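A.B. asks:
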Amino acid sequence: MDLAVGAVITVVGIDALRHVSDRRQLPIAALPVLFGVHQLIETLVWWDLQGKVSSCTGDVAAWIYVLIALTLVPIVVPIAFLVLGTGRSRRLGTALVLAGTAAGLSHFASLVEGPVGKRIEGHHIVYNVGLPYVEITLALYVLACCVPGLIARPTSLQVFGVANIAAAALLVWLDQTAVISLWCVWAAISSVLLNVYLRRTDHREVAASSQ
Numbered sequence: 229m230d231l232a233v234g235a236v237i238t239v240v241g242i243d244a245l246r247h248v249s250d251r252r253q254l255p256i257a258a259l260p261v262l263f264g265v266h267q268l269i270e271t272l273v274w275w276d277l278q279g280k281v282s283s284c285t286g287d288v289a290a291w292i293y294v295l296i297a298l299t300l301v302p303i304v305v306p307i308a309f310l311v312l313g314t315g316r317s318r319r320l321g322t323a324l325v326l327a328g329t330a331a332g333l334s335h336f337a338s339l340v341e342g343p344v345g346k347r348i349e350g351h352h353i354v355y356n357v358g359l360p361y362v363e364i365t366l367a368l369y370v371l372a373c374c375v376p377g378l379i380a381r382p383t384s385l386q387v388f389g390v391a392n393i394a395a396a397a398l399l400v401w402l403d404q405t406a407v408i409s410l411w412c413v414w415a416a417i418s419s420v421l422l423n424v425y426l427r428r429t430d431h432r433e434v435a436a437s438s439q
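Quick note: the sequence shown uses the numbering used here, first residue 229, plus one each step.
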């Protein structure tokens with residue numbers, strides 16, 4: 229599934245970049261590409277656990293996958309929304325960037341201390357990282373990744389925020405071990421909404437310029 233999702237979302241992301249009409253849109257347009265490549269990386273982790281590639285390849289892929297998921301994503305998502313400038317409160321947007329940065333740096337400190345454990349459990353991969361203060365950093369992570377969409381004015385961006393916070397809450401309730409792997413899959417799929425936003429914005433500007 230990761231290979232298919234990753235390939236499709238990467239293509240969606242490339243299409244999103246094609247519809248950028250303002251440089252402030254570049255970070256938000258790049259998110260689907262990031263999410264798509266992220267899923268392609270996890271494909272290597274699956275192949276390692278299934279004996280299709282070397283354990284060394286799988287270990288490196290797992291470390292990079294978790295690095296993106298736990299460190300990069302909570303930092304770049306709120307920054308992308310803040311740069312876009314469609315939020316109702318710039319002060320709140322800045323606070324979310326700080327929250328994501330705090331969570332990301334805390335997670336990074338844990339990653340550099342030791343290897344990333346991984347195993348298949350059902351239809352997802354469980355990653356063992358050993359995060360300190362996980363309740364606090366997870367709360368900051370969810371706020372940083374989901375609230376920027378909720379406070380955005382465009383409807384498609386609001387739906388992106390609602391979809392991701394609902395998915396995160398559901399996964400935490402059902403199975404906390406699945407959060408890293410399955411929420412990232414859902415975030416990748418829901419990033420199609422970012423493409424929808426850019427397409428609509430591009431079409432409106434084209435229509436306005438033709439009048």
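The beta-carbon is built from N, C-alpha and C at its ideal position, and this holds for glycine as well. Remember, it's a predicted structure, so these values are computed and weren't measured experimentally.
I need the straight-line Cα distance from Tyr-293 to Thr-429, nearest angstrom please.
C.D. replies: 32 angstroms
A.B. asks: Per DSSP, Glu-349 forms a beta bridge with which residues?
C.D. replies: His-352
A.B. asks: On a CA-only basis, which of Gln-278, Leu-262 and His-351 is nearest Thr-299? Give me that one, please.
C.D. replies: Leu-262
A.B. asks: Which of the three DSSP states is assigned to Gly-315 in this structure?
C.D. replies: When secondary structure is reduced to three states using DSSP, Gly-315 falls in the strand class.
A.B. asks: Quick check: the segment 357 to 365 against the segment 378 to 386, are there 3 or more CB pairs under 8 angstroms?
C.D. replies: no
A.B. asks: Is it true that the segment 327 to 334 meets the segment 280 to 291, where meeting means three or more beta-carbon pairs spaced less than 8 angstroms apart?
C.D. replies: no
A.B. asks: Straight-line CA distance for Ala-235 to Arg-318?
C.D. replies: 34 angstroms
A.B. asks: Please confirm if Val-305 has its CB atom under 9 angstroms from at least one CB of chain C.
C.D. replies: No chain C appears in the structure shown, which is made up of a single protein chain.
A.B. asks: Could you tell me whether the Cβ atoms of Val-325 and Ala-397 are closer together than 9 angstroms?
C.D. replies: Cβ distance not < 9 angstroms, so Val-325 and Ala-397 don't count as in contact.
A.B. asks: Tell me, please, whether the segment 340 to 356 touches the segment 303 to 311 by the rule of three or more beta-carbon pairs shorter than 8 angstroms.
C.D. replies: no
A.B. asks: In the DSSP assignment, what are the bridge partners of Ala-380?
C.D. replies: Gly-315
A.B. asks: May I have a chain-ordered list of the alpha helix (DSSP H) segments no shorter than 4 residues that lie completely inside the segment 240 to 298?
C.D. replies: 254 to 277 and 283 to 295
A.B. asks: Closer than 8 angstroms by C-beta to Trp-291: which residues in its own chain qualify, once you throw out the five before and the five after it? Chain order, please.
C.D. replies: Leu-339, Pro-343 and Val-344
A.B. asks: With a 10 Å radius around its C-beta and 16 neighbouring C-beta atoms as the bar for buried, classify Gln-267 as buried or exposed.
C.D. replies: Under the 10 Å beta carbon count, Gln-267 is surrounded by 16 or more other beta carbons and is classified as buried.
A.B. asks: To the nearest angstrom, how far is the alpha carbon of Val-311 from that of Leu-231?
C.D. replies: 30 angstroms
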